[in-house]
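Below: the structure, in structure tokens.
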Amino acid sequence: MTTSDSVPELPRVNPIRLSELPLRPELVGQEPYGAPQLDVPVCLNVNENPYPPSAAVRRDMAKAVSEVAGQLNRYPDREALDLRADLARYVGFGVGVDQVWAANGSNEVMIEILEAFAGPGRTVMTFTPTYSMYPEYARNTHSEYVTAERNAWFGIDAPAAIEAINAAGADVVLLTTPNNPTGTAVPVAVIEEICRGTEAMIVVDEAYQEFADTPADSAIALLPKYGRLIVVRTLSKAFALAGGRVGYAVAAPAVIDALRIVRLPYHLSATTQAVARTALAHAPEMLERVDELRATRAAMSEWLRLHGLEVVDSQSNFVLFGRFADRHGVFQGLLDRGVLVREVGPEGYLRVCAGTPEQTDAFQDALLEVLASARVLGHDDPAATAPTTQESTS
Numbered sequence: 071m072t073t074s075d076s077v078p079e080l081p082r083v084n085p086i087r088l089s090e091l092p093l094r095p096e097l098v099g100q101e102p103y104g105a106p107q108l109d110v111p112v113c114l115n116v117n118e119n120p121y122p123p124s125a126a127v128r129r130d131m132a133k134a135v136s137e138v139a140g141q142l143n144r145y146p147d148r149e150a151l152d153l154r155a156d157l158a159r160y161v162g163f164g165v166g167v168d169q170v171w172a173a174n175g176s177n178e179v180m181i182e183i184l185e186a187f188a189g190p191g192r193t194v195m196t197f198t199p200t201y202s203m204y205p206e207y208a209r210n211t212h213s214e215y216v217t218a219e220r221n222a223w224f225g226i227d228a229p230a231a232i233e234a235i236n237a238a239g240a241d242v243v244l245l246t247t248p249n250n251p252t253g254t255a256v257p258v259a260v261i262e263e264i265c266r267g268t269e270a271m272i273v274v275d276e277a278y279q280e281f282a283d284t285p286a287d288s289a290i291a292l293l294p295k296y297g298r299l300i301v302v303r304t305l306s307k308a309f310a311l312a313g314g315r316v317g318y319a320v321a322a323p324a325v326i327d328a329l330r331i332v333r334l335p336y337h338l339s340a341t342t343q344a345v346a347r348t349a350l351a352h353a354p355e356m357l358e359r360v361d362e363l364r365a366t367r368a369a370m371s372e373w374l375r376l377h378g379l380e381v382v383d384s385q386s387n388f389v390l391f392g393r394f395a396d397r398h399g400v401f402q403g404l405l406d407r408g409v410l411v412r413e414v415g416p417e418g419y420l421r422v423c424a425g426t427p428e429q430t431d432a433f434q435d436a437l438l439e440v441l442a443s444a445r446v447l448g449h450d451d452p453a454a455t456a457p458t459t460q461e462s463t464s
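Each number in our numbering corresponds to the 1-based position in the sequence shown with 70 added.
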């Protein structure tokens, strides 16, 4: 007797609907997070490095995965000690392995930070416009989420920030530099002033730090002086390892111990650790396109300005540009021509990431066609003063 003979066939469609499930109240009506993943010729919407690892690096990654495959019946090193040691060497600044923690992307690192230091009855604060996952991190850890506005140049002024942090009684403060989606940087001197002016945990999200004009100007340099400072980074961007899902935190050993308390057991697979260690072993080669992408960003910014558009000064691998009376129309016009950018950030702006020369040419050609019928808002246009919103993804 076969299974099909003995077991009745189940209905093809489950009759229950999402609205009928006993969701937590704050999840009712929410949509899953994520930027569009569309099959188009030119994808410039999620700030990826457009250049994959070389054939030689891929061979070494495959070899490393093959070697660990013989032990996949065993759990991986739950402390990821070898990977953390490699990350410490890469980071520099005299950082030790006990000051580094790794997880599945910087997203998981941030969730662990809020699990450890935020939560019910505690407040998470950031400065908008900024990364749109932050409120979701707060929601998912039952933390109160409050914001203050960045200044007119999308930067952060230390005195105003300190006043806002202390007025809100913030327990955790998220500072993004270079900021997503604006690309603007917060100087280390400003971060230090904020660290001095509050007792909150200060989390500096440096996901795009390698693309900055001075990447060595990092908040990691402040760690010896401030025990409540955490710097978060990723291998997704500059290392072209978005599919590898590896992010990491650098902080005082006590902070790392706190993250170890809340981490899931065996949260970082053996294959992920092997691939990440291979990438770090080839760091110079993995990062060799960073200078090119930095130059592409600068050239793209200048091109956009020459064509009458407002461009926010960026220290990342993307550019926020506008302003458009109908930014969705411009977004759709580009998409109709096979170019996918991101409809995020302050009203009227779009964001495009630095791509290959061919991708950049395709974007510029498409945008010129769209601009022929688009209304660009000037600095003095009343419609250009619409309120900002926090947005963006990776």
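In this text, a Cβ means the ideal position worked out from N, Cα and C, and glycines have one as well. Since we're looking at a predicted model, the values are computed, not measured.
Spatial neighbours of residue i within its chain, please: CB distance less than 7 Å, with the 5 preceding and 5 following residues excluded, ordered by chain position.
i: Ala186; result: Ala328, Leu329, Ile331 and Val332
i: Ala456; result: For Ala456, the predicted model reports a pLDDT of 41, less than 50, meaning its position is unreliable; a value from the coordinates is still stated below. Excluding residues within five positions, the ones whose Cβ falls inside 7 Å are Glu417 and Gly418.
i: Gln429; result: Val112, Leu114 and Pro120
i: Asp156; result: Arg347 and Leu350
i: Tyr145; result: Tyr336
i: Ala238; result: Thr193, Met195 and Val216
State the beta-bridge partners of residue i as determined by DSSP.
i: Ile261; result: Per DSSP, none; premise fails for Ile261.
i: Ala319; result: Trp171 and Val302
i: Val165; result: According to DSSP, Val165 bridges with nothing at all.
Take residue i and list the residues in its own chain whose beta-carbon comes closer than 6 Å to its own, dropping the five residues that flank it on each side.
i: Thr458; result: For Thr458, the pLDDT reaches just 41, beneath the cut-off of 50, and the residue's location in the model is therefore unreliable, although a value from the coordinates is still provided. Once the five neighbours on either side are set aside, the close Cβ partners of Thr458 are Pro199 and Pro416.
i: Gln374; result: The question names Gln, but residue 374 is Leu in the sequence shown. Cβ neighbours of Leu374 beyond the five flanking positions: Val381 and Phe391.
i: Ala344; result: Ala134, Val135 and Val138
i: Thr247; result: Ala255 and Val256
i: Phe197; result: Ala218, Arg220 and Ile226
i: Ala454; result: At Ala454, the pLDDT of 46 sits below 50, so the modelled position is not reliable; the number obtained from the coordinates is stated separately. Taken in chain order, the residues that qualify are Arg393 and Leu447.
i: Gln460; result: Residue confidence for Gln460 is low, a pLDDT of 41 falling below 50, so the modelled location carries little weight; the figure read from the coordinates is stated next. These residues qualify, in order along the chain: Thr198, Pro199, Thr200 and Ser202.
i: Cys423; result: Leu114, Asn117, Asn387 and Phe388
i: Thr252; result: Phe224, Val382 and Leu390
i: Leu311; result: Leu305 and Ala349
i: Ala466; result: The chain is shown only over 71 to 464; residue 466 falls outside these bounds and no answer can be derived.
i: Phe309; result: Ala349 and Met356
i: Tyr215; result: Val194, Pro205 and Ala208
i: Arg407; result: Ala436
Could you say which of the options lies nearest to residue i if we only look at CA atoms?
i: Ala395; options: Tyr419, Val389, Ala126 and Thr430; result: Tyr419
i: Val400; options: Ala208, Ser288, Phe433 and Pro95; result: Phe433
i: Ile336; options: Ala150, Val360, Pro95 and Cys113; result: It should be noted that the sequence gives Tyr, not Ile, for residue 336. Measuring from the Cα of Tyr336, the nearest candidate turns out to be Ala150.
i: Gln107; options: Ala237, Arg412 and Thr426; result: Arg412
i: Tyr296; options: Ile264, Pro285 and Ala310; result: Ile264
i: Phe163; options: Asp431, Ser288 and Ser384; result: Ser288
i: Ala369; options: Arg359, Pro427 and Arg315; result: Pro427
i: Gly317; options: Val165, Leu153 and Arg266; result: Leu153
i: Asn177; options: Gly191, Tyr207 and Val161; result: Tyr207
i: Arg397; options: Arg129, Leu441, Glu372 and Val360; result: Leu441
i: Val360; options: Pro122, Pro85, Tyr145 and Leu88; result: Pro122
i: Arg192; options: Arg421, His212 and Val409; result: His212
i: Val273; options: Thr284, Asn174 and Met180; result: Met180
With DSSP collapsed to three states, give me the class of residue i.
i: Trp223; result: coil
i: Gly447; result: Note on identity: in this sequence residue 447 is Leu, with Gly being the wrong assignment. Reduced to three states, the DSSP call for Leu447 is coil.
i: Ala308; result: coil
i: Gly392; result: strand
i: Thr268; result: coil
i: Ala134; result: helix
i: Ala240; result: coil
i: Arg412; result: strand
i: Ala454; result: Bear in mind that the predicted position of Ala454 carries a pLDDT of just 46, short of 50, making it unreliable; the figure below should be weighed with that in mind. In this structure, Ala454 counts as helix in the three-state DSSP scheme.
i: Val110; result: coil
i: Ala218; result: strand
i: Leu329; result: helix
i: Val127; result: helix
i: Glu79; result: coil
i: Val381; result: strand
i: Leu245; result: strand
i: Asn177; result: helix
i: Asp147; result: coil
Start and end of the beta strand (DSSP E) containing residue i?
i: Arg303; result: Leu299 to Thr304
i: Tyr207; result: Here Tyr207 belongs to no beta strand (DSSP E); instead the alpha helix (DSSP H) covers Tyr204 to Asn210.
i: Ile272; result: Met271 to Asp275
i: Leu438; result: Element bounds for Leu438: not the beta strand (DSSP E) but the alpha helix (DSSP H), Pro427 to Leu441.
i: Phe197; result: Thr193 to Thr198
i: Leu420; result: Leu420 to Cys423
Who are the near neighbours of residue i in its chain, counting only those whose CB is closer than 8 Å to its CB and skipping five residues on each side?
i: Gln169; result: Ala158, Leu293, Val320, Ala321, Ala322, Pro323 and Ile326
i: Thr268; result: Ile232, Ile235, Asn236, Ala240 and Val243
i: Val127; result: Thr348, Ala349, His352, Glu355 and Met356
i: Leu438; result: His377
i: Gly314; result: Leu305, Ser306, Thr342, Val345, Ala346 and Ala349
i: Glu362; result: none
i: Leu410; result: Pro106, Leu108, Val110, Val112, Cys113, Leu114, Asn115 and Leu404
By the DSSP assignment, the alpha helix (DSSP H) with residue i in it spans what residues?
i: Val345; result: Ala340 to Ala351
i: Arg367; result: Val360 to Leu376
i: Asp406; result: Arg397 to Asp406
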